[in-house]
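So the structure is just underneath, and the comments pick up after that.
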Amino acid sequence: MLTRRNFAARISAAAAAARLLPEMAYAQRAAVKVSDLPKDMVWLNSNENPLGPPEVSLAAMREVLPTSGRYHYQEFRQIYSAIAKSEELSPEQIILGCGSSEVLHTSVDILTSPTRPLISVTPAYEGPIELARALGRPVVLVKLRDDYTADVHKLAEEADKAHGGVIYLCNPNNPTSAMTSAKDIDWLVTNLPPNTTLLMDEAYIHFGESPDLKTALPYVRKGKDVVVTRTYSKIYGMAGLRVGFAAARPDIIEKLQPLAINVVPIVSARAVVAALGDQQNILRERRTILAKTRRELTAWLKERNVKFIEPHANFIMIDTGRNAREFINTMPRMGVAPGRPFPPLDNMLRVTIGTDPEMAKFREVFWKVYKG
Ligand SMILES: Cc1ncc(COP(=O)(O)O)c(C=O)c1O
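All you need for this note's numbering is the position in the sequence shown, starting with 1, plus 144.
Dropping the structure here:
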């Protein structure tokens, strides 16, 4: 039987395991025994897209499945070209990976060193930070400003102090969903200290509607010391298909290449290429759906005077006004799984924006726990 105590123990065991693993969200879910959980559990813990892959991608996958006994190596030139072209890049400016996790790992491994630290904000997405630590690379973490934005001046200062390093910024940031403005990014690129690379993780960039939120890909096109990582896991709804890429100057990509594991699965690659055939419509439609649900949630929170960080991604950080562990431990028993703890933001609950019915359930369960 699932008691409150043993469920809480499992969740905290999962959180402990997550601290050791780069793919933390995966660890959290994997460590919870699914048989113990409500069958209609609403998963709002991993920032996935409930819409899943677009229809054209499903059709492309069905078509290629019978021939997936082959590696399809000969197709990858074309696949690289299609992905590069979709972002106005050349194939030499990108490298694919098993999700953006792989290319983030490769970038950290190759571009940091025992004397070249990984410099980031706290809290940020833990994957690259945990990897740098596991590799024995120095890690410098800078506090967020009071408005939860990244202090780009501080980041540059730290890189300068270290005589160079890799500045890792996630825009919009995970877990805060706050953005770094185009003006700040521009300042940072212009003022990058010598021997410093900016590693921009744009996993959630498509979900933002603010005109101040801009991709850093133009800096890659201009040949700056900037690596941009992108994923098909989020707005494209293909988290389980595991495809992402890094974009950078060809000489940087060449450095990353020897660590690439292999080509990505052909089924996944075909799904991505099919989606890119209708890229603008898919992005626009999905952003519109997400933004509407997100707006409704923020309006509901405002009506109840519940504070939150203004969201720019497909998740939101809600200030519960007390330690959020109470919500993290209790809500799954009531059928809704929110995100894990994100110290030092102990009172904050990270919630992925799901479908409208999922968010209705979230509101009901959250409010019950909130009122106590
Ligand atoms: C900010 C950020 N970057 C990268 C990833 C890795 O995602 P994937 O490997 O599925 O591309 C995640 C996953 O949640 C994330 O939140």
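All C-beta atoms in this analysis are idealised placements derived from N, C-alpha and C, irrespective of residue type, glycine included.
- With respect to the 8 Å criterion, L279 and V265 are not classified as neighbours on the basis of their beta carbons.
- DSSP, read as helix, strand or coil, puts Y312 in strand.
- Under the Cβ criterion (8 Å, minimum of three pairs), the stretch 410-425 does not count as touching the stretch 243-260.
- The stretch 344-417 contains, as complete alpha helix (DSSP H) runs of 4+ residues, the segments 361-365, 394-400 (chain order).
- Taking every residue with its beta carbon within less than 5 Å of a heavy atom belonging to ligand 1 gives, in chain order, G243, S244, S245, Y269, C314, N318, D345, A347, T375, S377, G388.
- Sequence-distant partners of M323 (beyond 5 residues in either direction) whose C-beta falls short of 8 Å from its own C-beta, in its chain, are T293, N315, P316, N317, G352, S354, D356, L357, H456.
- Annotated as proximal: M461 and M492, with beta-carbon spacing under 8 Å.
- Under the three-pair Cβ rule at 8 Å, the stretch 426-438 does not count as touching the stretch 301-313.
- According to the DSSP assignment, V284 belongs to the beta strand (DSSP E) that extends over 283-287.
- Under the 10 Å beta carbon count, T432 is surrounded by fewer than 16 other beta carbons and is classified as exposed.
- Scanning the stretch 177-244 from its first residue to its last, the whole alpha helix (DSSP H) runs of 4-plus residues come out as 199-208, 220-230.
- As the crow flies, the alpha-carbon of A204 is around 11 Å from that of G421.
- Looking at the backbone, the Cα of L209 and that of G388 are separated by about 20 Å.
- Contact holds between the stretch 486-500 and the stretch 182-197, because three or more Cβ pairs, one in each stretch, are under 8 Å apart.
- Looking at the DSSP output, R260 shares a beta bridge with S257.
- In this structure, I238 and Y224 form a Cβ contact; the two beta carbons are roughly 7 Å apart against a cut-off of 8 Å.
- Nearest in C-alpha terms to D295, of all of R477, L275, F486, I263, is I263.
- Within the same chain, and ignoring the five residues on either side of F220 in sequence, the residues whose Cβ sits closer than 6 Å to its Cβ are V407.
- Cα atoms of R374 and T474: separation of roughly 34 Å, rounded to the nearest angstrom.
- When secondary structure is reduced to three states using DSSP, A481 falls in the strand class.
- Judged by their CB atoms, G381 and G243 are not nearer to each other than the 8 Å cut-off.
- If you draw a 10 Å sphere on the C-beta of R281, you find 16 or more other C-beta atoms in it, and that means buried.
- Around the beta carbon of I472, 16 or more other beta carbons lie within 10 angstroms, which makes this residue buried.
- P485 and D328 have their C-alpha atoms spaced approximately 28 Å apart.
- In the DSSP assignment, no residue is bridged to V247.
- According to the DSSP secondary-structure assignment, V495 is paired through a beta bridge with I460.
- Scanning its chain for C-beta atoms nearer than 7 Å, with the 5 sequence neighbours on each side dropped, one finds around I396 the residues V371, in chain order.
- The beta-carbon distance between A404 and G241, rounded to whole angstroms, is 7 Å. This is short enough to meet the 8 Å contact definition.
- Close CB contacts of L361 within its chain, under the 7 Å cut and outside five residues either way in sequence, are with E231, V372, A391 (chain order).
- The C-beta of P267 has 16 or more other C-beta atoms within 10 Å across all chains shown, which makes the residue buried.
- Between G483 and K505, the C-beta gap is not smaller than 8 Å, which leaves the two residues out of contact.
- By the Cβ-count criterion, S234 is exposed, with fewer than 16 other Cβ atoms from all chains shown falling within 10 Å of its own Cβ.
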